[in-house]
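2 protein chains.
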Amino acid sequence: MTIYRAPIQDTLFVLNDVLGYQRYSNLPGFSDATPDVLEAILAEGAKLAENVMHPLNRVGDMEGCVRHGDGSVTTPKGFREAFDQYREGGWMGLAAPAEFGGQGLPYTVHTAVSEYMVSANMALMMYPGLTQGAIAAIITHGTDEQRATWLPKLVEGAWTGTMNLTEPHCGTDLGLLRSKAVPNGDGTYRISGQKIFISAGEHDMSDNIVHLVLARIEGAPEGVKGISLFIVPKLKLDASGNPGQRNTVSCGSIEEKMGIHGNSTCVMNYDEAEGTLLGEANGGLKAMFTMMNEARLGVGLQGLSLSEIAYQNAVSYAKDRLQGRSLSGAKAPDKKADPIIVHPDIRRSLMTMKAFNEAGRALALWTAIKSDVAHRAGDDKDRQAADDYTGLLTPVVKGVLTDKGFDHAVMAQQVFGGHGYIEEHGMSQFVRDARIAMIYEGANGIQALDLVGRKLAQNGGRAVQAFFKEVAEFCEENRADEKLAPFTKALKKGLNDLQAATMWLVQNAMAKPDNAGAASTDYMHLFGLVALGYMWAQMARAAGVKLAEGANGAASFYDNKLVTARFFMERIMPETATRLARISSGADTLMALPAEAF
Amino acid sequence: MTIYRAPIQDTLFVLNDVLGYQRYSNLPGFSDATPDVLEAILAEGAKLAENVMHPLNRVGDMEGCVRHGDGSVTTPKGFREAFDQYREGGWMGLAAPAEFGGQGLPYTVHTAVSEYMVSANMALMMYPGLTQGAIAAIITHGTDEQRATWLPKLVEGAWTGTMNLTEPHCGTDLGLLRSKAVPNGDGTYRISGQKIFISAGEHDMSDNIVHLVLARIEGAPEGVKGISLFIVPKLKLDASGNPGQRNTVSCGSIEEKMGIHGNSTCVMNYDEAEGTLLGEANGGLKAMFTMMNEARLGVGLQGLSLSEIAYQNAVSYAKDRLQGRSLSGAKAPDKKADPIIVHPDIRRSLMTMKAFNEAGRALALWTAIKSDVAHRAGDDKDRQAADDYTGLLTPVVKGVLTDKGFDHAVMAQQVFGGHGYIEEHGMSQFVRDARIAMIYEGANGIQALDLVGRKLAQNGGRAVQAFFKEVAEFCEENRADEKLAPFTKALKKGLNDLQAATMWLVQNAMAKPDNAGAASTDYMHLFGLVALGYMWAQMARAAGVKLAEGANGAASFYDNKLVTARFFMERIMPETATRLARISSGADTLMALPAEAF
Chain G
1 MTIYRAPIQD
11 TLFVLNDVLG
21 YQRYSNLPGF
31 SDATPDVLEA
41 ILAEGAKLAE
51 NVMHPLNRVG
61 DMEGCVRHGD
71 GSVTTPKGFR
81 EAFDQYREGG
91 WMGLAAPAEF
101 GGQGLPYTVH
111 TAVSEYMVSA
121 NMALMMYPGL
131 TQGAIAAIIT
141 HGTDEQRATW
151 LPKLVEGAWT
161 GTMNLTEPHC
171 GTDLGLLRSK
181 AVPNGDGTYR
191 ISGQKIFISA
201 GEHDMSDNIV
211 HLVLARIEGA
221 PEGVKGISLF
231 IVPKLKLDAS
241 GNPGQRNTVS
251 CGSIEEKMGI
261 HGNSTCVMNY
271 DEAEGTLLGE
281 ANGGLKAMFT
291 MMNEARLGVG
301 LQGLSLSEIA
311 YQNAVSYAKD
321 RLQGRSLSGA
331 KAPDKKADPI
341 IVHPDIRRSL
351 MTMKAFNEAG
361 RALALWTAIK
371 SDVAHRAGDD
381 KDRQAADDYT
391 GLLTPVVKGV
401 LTDKGFDHAV
411 MAQQVFGGHG
421 YIEEHGMSQF
431 VRDARIAMIY
441 EGANGIQALD
451 LVGRKLAQNG
461 GRAVQAFFKE
471 VAEFCEENRA
481 DEKLAPFTKA
491 LKKGLNDLQA
501 ATMWLVQNAM
511 AKPDNAGAAS
521 TDYMHLFGLV
531 ALGYMWAQMA
541 RAAGVKLAEG
551 ANGAASFYDN
561 KLVTARFFME
571 RIMPETATRL
581 ARISSGADTL
591 MALPAEAF
Chain U
1 MTIYRAPIQD
11 TLFVLNDVLG
21 YQRYSNLPGF
31 SDATPDVLEA
41 ILAEGAKLAE
51 NVMHPLNRVG
61 DMEGCVRHGD
71 GSVTTPKGFR
81 EAFDQYREGG
91 WMGLAAPAEF
101 GGQGLPYTVH
111 TAVSEYMVSA
121 NMALMMYPGL
131 TQGAIAAIIT
141 HGTDEQRATW
151 LPKLVEGAWT
161 GTMNLTEPHC
171 GTDLGLLRSK
181 AVPNGDGTYR
191 ISGQKIFISA
201 GEHDMSDNIV
211 HLVLARIEGA
221 PEGVKGISLF
231 IVPKLKLDAS
241 GNPGQRNTVS
251 CGSIEEKMGI
261 HGNSTCVMNY
271 DEAEGTLLGE
281 ANGGLKAMFT
291 MMNEARLGVG
301 LQGLSLSEIA
311 YQNAVSYAKD
321 RLQGRSLSGA
331 KAPDKKADPI
341 IVHPDIRRSL
351 MTMKAFNEAG
361 RALALWTAIK
371 SDVAHRAGDD
381 KDRQAADDYT
391 GLLTPVVKGV
401 LTDKGFDHAV
411 MAQQVFGGHG
421 YIEEHGMSQF
431 VRDARIAMIY
441 EGANGIQALD
451 LVGRKLAQNG
461 GRAVQAFFKE
471 VAEFCEENRA
481 DEKLAPFTKA
491 LKKGLNDLQA
501 ATMWLVQNAM
511 AKPDNAGAAS
521 TDYMHLFGLV
531 ALGYMWAQMA
541 RAAGVKLAEG
551 ANGAASFYDN
561 KLVTARFFME
571 RIMPETATRL
581 ARISSGADTL
591 MALPAEAF
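The listed protein sequences derive, respectively, from chains G and U. The opening residue of the first sequence carries number 1 in full-length UniProt numbering; numbering runs sequentially from there. The opening residue of the second sequence carries number 1 in full-length UniProt numbering; numbering runs sequentially from there.
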């Protein structure tokens, strides 16, 4: 049996002391989520995650989902009841607009709570997770009628949503998609085609399922310019808006996957299913990206969530398992051996995960705040600056947090030795579940290309320049502070490497785009190192402030932050040099071999 | 369905052109394995691997092993028949002494063929793999009678072997083990206790199973000094040496594991089972290490094998899957999209795997040659020097090849996008199977400690100094060769980092052993980078020689080696700097937090 405790104190430290959550109290929704309310919400969310979601995590892995002959799908025992509690607690609509039944609280608060829920049960949380994407797309692109029709039930959680993009021959390259939509003449369409890898495509946890489906209207242009997005419900609505007649969409099979067994990943067959257009005809890609951006932050969070729970279990095992003696003399002389947490190589793993989790949480919450500001600020300039940041940080959060999240699930499993390889201990599940986050919602290679190929250059590099300026100013402002010097110096060194890499791209990628592609993954990780390092430098400063104030009896909490910040700067930050060396080696050697040489 | 083709041309290049296999023809066994014979053996081994072992790989994963109520275990369909062919082909005894029915060929040849077999079916090959360890231990530590009793059947493959070390509370720290042995007075012992994680502990593939079991003779000293090794057969032998009465050892359960489902990982219960002492009383640790060292090289090879087959499948998919267009203009304009191998980020993954596989193969075969020389050379000094190398390289081969092997299985899976996460494509199995190699036969953290804590200091650093000298001399000798300069320069830089790290350890680890522990994993990988870089520099030189000679119609093969060598030096070697920075940051920050801070 695995353990899980929501890291509330860490979340509050990041929001209140590091990111200055109170500064945003003038924004809609933030005024309702005062520090006290915030703390209460986190505590309630933690309870649900720890006591309801987490106990079902292994059940979900072992039972998986079962498809029956009629195409219906049964989810693992307890999932429906747990989702009922989630729904009844109002968690689905926490950040959704009040006019559709939501609570209108900050997306930041939703993000903070989601971390806990996903740590506790990633597969289960995918059902509401996909629904959030559908809500976002319908809010942004729906007509008034569509919003009134679909949103209240989705926000309530009575219905769930899906994203239907991928087809067997077409994943990343959506221009190839073949599903077609034929107008009925009454504003509805008949949608036909096969979609694969549809998470939560069919299940027994809600009264209806609202599929958002990419398809091509008859006669539309080729490629991505001819794709439209449709709302296709599992059950068509009757005159009073209740689920009625079955639509001609069905689950053809469910995939046997490496992990997230508790989520039903479906092959969905559309056979002239009735749907309505969401957004403009041939504007499906844009509408889809509304879903995708939010979903990508959510997937990044999955990386952090799994790293956190895997870490907690590794810590627990490392304190408990007696094996060998400390190199510096017995630490538990009364026992047959010392707990393995005394061994430096075990420490190395634990500290690496800890340093990542705490900075990853800060980065995810910082991005969430930017997203809130981008959507809610009154001032246009504020909104634009925040939107720049959200766009820039989204691929970093998705790509880096999921790559590292998986690495750390593996690292935590390693702490268990042979026991980590046995399914019973649950560490294998963390690894298997974490693996998908590197792939879906745009494989991490695509995130890296999005960063290097789109986000860097957008608006003349406005977003990235703002980020560089902010980090450089932070280093400059705190340069004279001797206590912060170890952090700002290391951060500045990392920033220099990132700026050098950026300059290299500016000089070499225009004439030869392969240089951008060859650099992309290393650039994304280099960016991630600097962003996480910036989080640590800020956390160190905040911890120093708290200690100077007297720390309210929590001195050790802040002291530990300083130690972990130092670890990050000493052990993790130096990787920027290797990343820069790789980036500036260019594409020539990389691309030199003919395909038949592989 | 996965694909597999044994990389014979690469193996021959490494053995003949890089490592100078012919130079060893004066050693016993090598004279029989002339280059022609070598090639014929590789071709035969390749056939068995490709046509018999590989088709059963997925079957093994899906079916797994089944334990029945009587404790017997059924292996997956086809496993027994495939093992029959392996046995009948004489593969089990390829490198075993002729006096016990073996062919007495070099261990190097066995290693080369094993790579293919393990790529094709790792779980199946664990049954003969464990048997090799038992053979080695009995050859070295057995009495004449024990050798005559057990070896012929093991070498034939009629019986298989196991290693019984781990107990529920005791893995790495064998000093804690509790299984006990009580003398019967007639030279036999009654062995009692429970062992866990026993690979191939019970199965239906051989006529008998020879368990080598660590236990404590009644009254033996505490700790590792009181451990003895015993031979405990599943079926006791009758007067004529044939399997007869059932011994009181049985499989209590089989573990549900993340991977290697085709191998039965057993809980073994010994209830006064009859056994005989192997080697000296209380000398079990030494005897066990005879098994372990060979087993560790074998496990390192598993890392390489899985990296190779995962790579081959990623290449095949990357050439086949059409998605997007090359950044430098369409490469398959007649098709709807280009194959994804045109994308630089896909290339980055393929080149990374390729560069590792080819150097990893060279490193494994180089180590195997050293092991052959250590066992077979006539000259004491030659034997000692080779034994030094084997000891030094074993933890590097085990730790680095399995860490990287797993990383590359993950990388290859990533090339498949969502399809990689579906079990049907087989990429998940490679990841799940590769995972165990980082754990068993001494978790990789233990390999790193073995390298830093034992191997570096042994005999006043004789082994590591010899290695440094050899690599430095190679760089010096080839310094004037302009074509080799990119390789020798990068290698020298890596060597400098490794020597600096070694010096740092010399200066800082004596007074504070935690500094060694804190550095160990990074040191092992730094060592691995230099060792693999040395292999690449040698391969580049050999390729250059062949090209200068006219290359016999295979110019592109050697040209490709030069490209891949360059890739390694540009993209992988620079990591040495990060490793050195981590190592020299020391243990202070790493160990600073109290246990309760985690």
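Ideal Cβ placement from N, Cα and C applies to all residues, glycine included. Remember, predicted model here, so these are calculated numbers, not experimental data.
I'd like the list of long-range same chain contacts for residue i, defined as Cβ closer than 7 Å, with 5 residues on each side in sequence excluded.
i                 : result
His-110 (chain U) : Leu-94, Ala-95
Ala-409 (chain G) : Leu-306, Ser-307, Ala-310, Phe-430, Val-431, Ala-434
Val-315 (chain U) : Leu-350
Tyr-558 (chain G) : Ala-543, Lys-546, Leu-547, Ala-551
Val-342 (chain G) : Ser-326, Lys-331
Val-118 (chain G) : Met-125, Leu-301, Gln-302, Ser-305
Using the Cβ count rule (16 or more neighbours within 10 Å means buried), how would you classify residue i?
i                     : result
Ser-25 (chain U)      : exposed
His-68 (chain U)      : exposed
Ala-555 (chain G)     : exposed
Gln-22 (chain G)      : exposed
Arg-246 (chain U)     : exposed
Gly-133 (chain U)     : buried
Gln-458 (chain U)     : exposed
Pro-106 (chain G)     : buried
Lys-225 (chain U)     : exposed
Asn-51 (chain G)      : exposed
Gly-321 (chain G)     : Note on residue identity: the sequence assigns Arg, not Gly, to residue 321 (chain G). Its Cβ being crowded by 16 or more others within 10 Å, Arg-321 (chain G) is buried.
residue 614 (chain U) : Given that chain U is displayed from residue 1 to residue 598, the structure contains no residue 614 (chain U) and the question cannot be resolved.
Pro-233 (chain G)     : buried
Gly-553 (chain G)     : exposed
Gln-302 (chain G)     : buried
Ile-3 (chain G)       : exposed
Ser-250 (chain U)     : buried
Ala-480 (chain U)     : exposed
Gly-329 (chain G)     : exposed
Pro-35 (chain U)      : exposed
Gly-219 (chain U)     : exposed
Gln-312 (chain U)     : buried
So residue i packs on residue j, CB below 8 Å; how close in whole Å?
i                     : j                 : result
Gly-284 (chain U)     : Ser-192 (chain U) : So it is not a contact: roughly 16 Å between Cβ atoms.
Val-397 (chain G)     : Ala-443 (chain G) : Not confirmed; about 15 Å, so no contact.
residue 608 (chain G) : Gly-262 (chain G) : Beyond the ends of chain G as shown, which are 1 and 598, falls residue 608 (chain G); an answer cannot be given.
Under 8 Å Cβ to Cβ from residue i, same chain only, skipping five residues before and after it: list those, please.
i                 : result
Leu-505 (chain G) : Val-452, Leu-456, Asn-515, Ala-516, Ala-519, Tyr-523, Ile-583
Met-205 (chain G) : Thr-75, Phe-79, Arg-80, Phe-83, Tyr-127, Thr-160
Quick one: residues in its chain with C-beta nearer than 6 Å to the C-beta of residue i, no 5 flanking neighbours on either side, listed in chain order?
i                 : result
Val-66 (chain G)  : Thr-74
Gly-420 (chain U) : Gln-413, Met-427
For the stretch 445 to 460 of chain G, enumerate the residues whose C-beta is nearer than 8 Å to any C-beta of chain U, in chain order. Gly-445, Ala-448, Leu-449: these are the residues of the stretch 445 to 460 of chain G whose beta carbon lies less than 8 Å from some beta carbon of chain U, given in chain order.
Which residues, in order along the UniProt domain "Acyl-CoA oxidase/dehydrogenase middle" (163 to 271) of chain U, keep a beta-carbon less than 7 Å from a beta-carbon of chain G? For the UniProt domain "Acyl-CoA oxidase/dehydrogenase middle" (163 to 271) of chain U, the set of positions with a beta-carbon nearer than 7 Å to some beta-carbon of chain G reads Thr-166, Gly-171, Thr-172, Asp-173, Leu-176, Phe-197, Glu-255, Glu-256, Lys-257, Met-258 in chain order.
Contacting positions in the stretch 73 to 99 of chain G - beta carbon closer than 7 Å to chain U: none
Residues of the stretch 534 to 565 of chain G with Cβ closer than 9 Å to any Cβ of chain U, in chain order: Ser-556, Phe-557, Asp-559, Asn-560, Val-563, Thr-564
Ranges of the alpha helix (DSSP H) found wholly within the UniProt domain "Acyl-CoA oxidase/dehydrogenase middle" (163 to 271) of chain U, counting only runs of at least 4: none
Which ranges would you report for the beta strand (DSSP E) in the stretch 265 to 323 of chain G if only whole runs of at least 3 residues count? DSSP runs (the beta strand (DSSP E)) wholly in the stretch 265 to 323 of chain G: 265 to 278.
Residues in the stretch 349 to 361 of chain G with C-beta within 7 Å of chain U's C-beta atoms, listed in sequence order? Leu-350, Met-351, Lys-354
Along the stretch 423 to 445 of chain G, where does the CB come closer than 8 Å to a CB of chain U? Name the residues. Glu-423, Glu-424, Ser-428, Val-431, Arg-432, Arg-435, Ile-436, Met-438, Ile-439, Tyr-440, Ala-443, Asn-444, Gly-445
Segments of 4+ residues assigned as alpha helix (DSSP H) that fall wholly inside the UniProt domain "Acetyl-CoA dehydrogenase-like C-terminal" (467 to 594) of chain G: 485 to 508, 514 to 549, 555 to 567, 575 to 583
Give, in chain order, every unbroken run of the beta strand (DSSP E) that is at least 3 residues long and sits entirely within the stretch 93 to 167 of chain G. DSSP runs (the beta strand (DSSP E)) wholly in the stretch 93 to 167 of chain G: 159 to 164.
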